[in-house]
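These notes concern the structure reproduced below.
Numbering (the UniProt record's numbering), first residue to last: 1 to 1049.
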């Protein structure tokens, strides 16, 4: 074959391979991919061979040879650099879409032709493979569409449809959650837990459709707008992050679906659009889960009507026309400057500010980096909101589809650019402090914020008003609380009066709660249009219909403000909060208190929980409240500093002479009754969720009076608020050892445990008590004759561990496990303790092994305290010790009981006149001396913990195991009976005969014991290796029995 012909053949070979590759995209990428790759690699081999032949010959190259070389270089580059043949795939997609459309022919009736002048927003459905569809959302028409869709699925036509989220109409709430692939869970149980969490947040039933770690959440009865959907998504996100903290900061929660839509049940992504992060075995469609979280297929044997009903219910469209969700308790918008929710009465155009040249020039000058065209200016609370036409957002560096930018102007924070989008609400851009604004603007804004009060004062000035409160919306009018020296109606001097202003008529009059049948004057005042505009266009708030007095005292009739703000504190926020608090309102004083003391005080969220103060290194409960601390914090640390500044550094003039008495007024009010109101209103501000639950929950620290010891650091450190430490050992950390006391402690242990191996085990076990982790989950019994040092050892533990030590009632381990609905103060006392010590139960009582295993494990304990409604859950940190001279019997003999039990024998007896080897001289003063041993013994336990326990663990000694085994045998009624009544013999005995003798024996020796059944008896015998249980012949009858044993006479 000549060179020319070979070159053309190889070139045709490459072109044919590309044609097959494109063809594979038209049919199914997966089916032909393997063959095409093989064909391509065969072509590449031929290319290398042919290129070598061409280059070896030194003749000039013809067109085919040049084409072959260039084409081969292109394909080699594409193969080895990009690892894919992207251009034929893209070409295949284009050809396929042009030939047959984006989704199968079954739905062609609903497809919007590409040539039709219809916008994408008109489509109700969209194909992930390209193409838009429009379906009537009338229930009957939509059912017809679903029948066609379902028929296509049953005919095994792949579907790629999503239901598009309506742009303006409400829809059924849904979520698209995409969890990480490394989630190692039992999916069915995880789905159940996920559903339970979401049902606790969402109103109405919750349904899940899933494909492994990807979850669609459907809430058909919750009808929402797009903004409401995002709000509900955030609530669900917060609830899930509490349970799964690793979800925080991930892309699990997809907000974009409220702009795009949700994939329909039965639809899948096109294969070339699937995520490369998914395993090959991942299902491509979502399956609805039933009540037991088992997948339900749309291709099952259920009737078509049932399947259509499922698809109708899981649709995101509001097909049944349900009303928009209107929660009855979520009408208030939280305010950042008050403990009470503040509602905006209404929005309006402030033409005097909107068109004011100084205002517009300032905004264009300072915020000219955006389209600063003013849409409107409206008042909200004590701020002005300047709505702009601009949608470009500096926080995400792109334009939002619907949310515009706006400016916030107030005297506290100045001016800043913000964004309405939920992701950007916490940010601000180009903040300008209020005192940096031009003086003309400061004057304009202050005048606007004070204009309502000015109108009211001017109206009632003849009646000598003492205090004027915040205007509040009521019906079609506004009411303003006022305190007069003498009420025009009841002649009282309390806060009994209101000025009521009616918008429609412009009438204004004074009413009194003491004389509700009368008003003053008899002929109401009539406000002119200018004053009405100030009243109803000004910043008017509703503060939960509560009113807090502003001024009090002898100088309350002096009306003065602090419009000129001095920089008294280096902290600008503190400076602003102090000036706000000078009006004397409780809410502003609470704001100041929170800023000054938020790191010092906290309050539980529940009604009956207390105040706590952080006094390093731990939190301390303040049952009496914090009202006694409030004057010192607010006055000494803030308001007195302001007063001193005005006395010493401000110009001496009439204004200062008025301002100082007002400062004294505010201070006197705090010193008197107002501190109680401040404390009451401060509770929600200082409330920390799960605060009491978190106290002492950190296992790796133990607290002293001056620091905490951190087991992770192997060293003491300062205590921190986030440690949530509340308990204490009761003494300072012992940085230095006391050799004399240590020698006496070592002597004490040598006396109570003479054997060095047993003593080492005891000390190692005791060292585990200082750490909150319970690795072994063991139950220790300290036993021995009387006066053997057990009780003295427990006294030493009490002086060493302080608050971490607790004793339990003798019957706690013998009683039945109480119902969770009953109060269990004895269980609540175990929370956060490191050791629980119980005394010997009464004679004849057996240990409830089920309850013992329950409280010594690492499972969560749940209990309710006395007079409490809430069930408290906590993870046990304590190790359980039972002190007894005679070990009580166990009510069960299963292996789980004995794997947890450890018996430590105390062999020494302390007496006045020791004569036997195990007897020692008693030291009756020792009980008083051990009060001083706690700090030194703590050092010994720390050393033993780090040097022995963390290295070797806690392995029981042979003697401990022997004593435990002996006790096990003593507790085993069956084994005791067999040992006493069976003798070795060539004969055999049937098990039913043995059981009858056992019944007679147990009723005599242990009448209170619940008798086991014959089956349980037979089963227990099989556990003893010395007895062979098999079919045996006795007197010509063959039954199951014990071989080579007979009953003694």
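Note that CB positions come from ideal geometry on N, CA and C, so glycine has one too.
Which of helix, strand or coil DSSP assigns to residue i
i: residue 674; result: helix
i: residue 103; result: In this predicted model, residue 103 has a pLDDT of only 45, less than 50, meaning its place in the structure is not dependable; the value taken from the coordinates is given anyway. It is coil, neither helix nor strand.
i: residue 347; result: Model confidence at residue 347 stands at a pLDDT of 29, short of 50, so the residue's coordinates are unreliable and nothing is read from them.
i: residue 252; result: coil
i: residue 794; result: helix
i: residue 898; result: helix
i: residue 333; result: Note that residue 333 has pLDDT 27, beneath the 50 cutoff, so the model's placement of it is unreliable and no number is given.
i: residue 545; result: At residue 545 the pLDDT is 29, less than 50, meaning the model places this residue with poor confidence; the figure from the coordinates comes in the next sentence. In the structure shown, residue 545 sits in coil (DSSP, three-state: anything other than H, G, I, E or B).
i: residue 418; result: strand
i: residue 134; result: coil
i: residue 487; result: coil
i: residue 905; result: strand
i: residue 522; result: strand
i: residue 780; result: strand
i: residue 109; result: helix
i: residue 1050; result: This structure does not reach residue 1050, given that the chain is present from 1 up to 1049, and the question cannot be answered.
i: residue 800; result: helix
i: residue 582; result: coil
Of the residues the options, the one placed nearest residue i, counting alpha carbons only
i: residue 631; options: 672, 660, 661; result: 672
i: residue 877; options: 864, 858, 866, 871; result: 858
i: residue 143; options: 108, 233, 69, 319; result: 319
i: residue 229; options: 202, 207, 240, 211; result: 202
i: residue 390; options: 989, 420, 132, 383; result: 420
i: residue 506; options: 500, 489, 527; result: 527
i: residue 744; options: 603, 897, 934; result: 934
i: residue 130; options: 153, 269, 665, 418; result: 269
i: residue 297; options: 291, 305, 286; result: 286
i: residue 648; options: 568, 576, 903, 431; result: 568
i: residue 945; options: 263, 838, 700; result: 700
Endpoints, beta strand (DSSP E) assigned at residue i
i: residue 703; result: 701-703
i: residue 879; result: 879-884
i: residue 710; result: 708-710
i: residue 160; result: Neither: residue 160 is in no beta strand (DSSP E) and is coded neither H nor E.
i: residue 622; result: 618-622
i: residue 808; result: 805-808
i: residue 1057; result: The structure shown does not extend to residue 1057, since the chain spans only 1 to 1049, so no value can be given for it.
i: residue 512; result: 507-512
i: residue 497; result: 497-502
i: residue 383; result: 383-388
i: residue 406; result: 405-410
i: residue 873; result: 872-874
i: residue 1045; result: 1045-1047
i: residue 289; result: 287-289
The alpha helix (DSSP H) enclosing residue i, as first and last residue numbers
i: residue 934; result: 934-944
i: residue 312; result: 304-314
i: residue 586; result: 586-597
i: residue 971; result: 958-971
i: residue 825; result: 825-828
i: residue 151; result: 139-154
Any non-hydrogen atom of the ligand COA closer than 7 angstroms to residue i Cβ
i: residue 501; result: This structure does not include the ligand COA; it has no bound ligands of any sort.
Segment contact, 8 angstroms Cβ cut-off, at least three pairs: the region 736-747 with the region 799-817: no
Continuous beta strand (DSSP E) assignments of at least 3 residues falling wholly in the region 832-863: 835-838, 861-863
Whole runs of the beta strand (DSSP E) within the region 992-1036, excluding any shorter than 3 residues: 1029-1034
Uninterrupted alpha helix (DSSP H) stretches inside the region 748-773 (no shorter than 4 residues): 756-767
Touching by the beta-carbon criterion (3+ pairs, under 8 angstroms), the region 765-773 and the region 860-870: no
Touch test, the region 123-138 against the region 209-228, Cβ-Cβ under 8 angstroms, three pairs minimum: no
4-residue-minimum alpha helix (DSSP H) runs that sit fully inside the region 184-225, ordered along the chain: 187-199
Contact the region 754-762 vs the region 836-846: 3+ CB pairs below 8 angstroms: no
Sufficient close CB pairs (3 or more, under 8 angstroms) joining the region 818-833 to the region 778-796: no
Contact between the region 886-894 and the region 708-715 (3+ Cβ pairs under 8 angstroms): no
Validate contact between the region 949-969 and the region 985-1005 using beta carbons, cut 8 angstroms, 3 pairs: no
contact_flag[the region 662-672, the region 596-603] where n(CB pairs < 8 angstroms) is 3 or more: no
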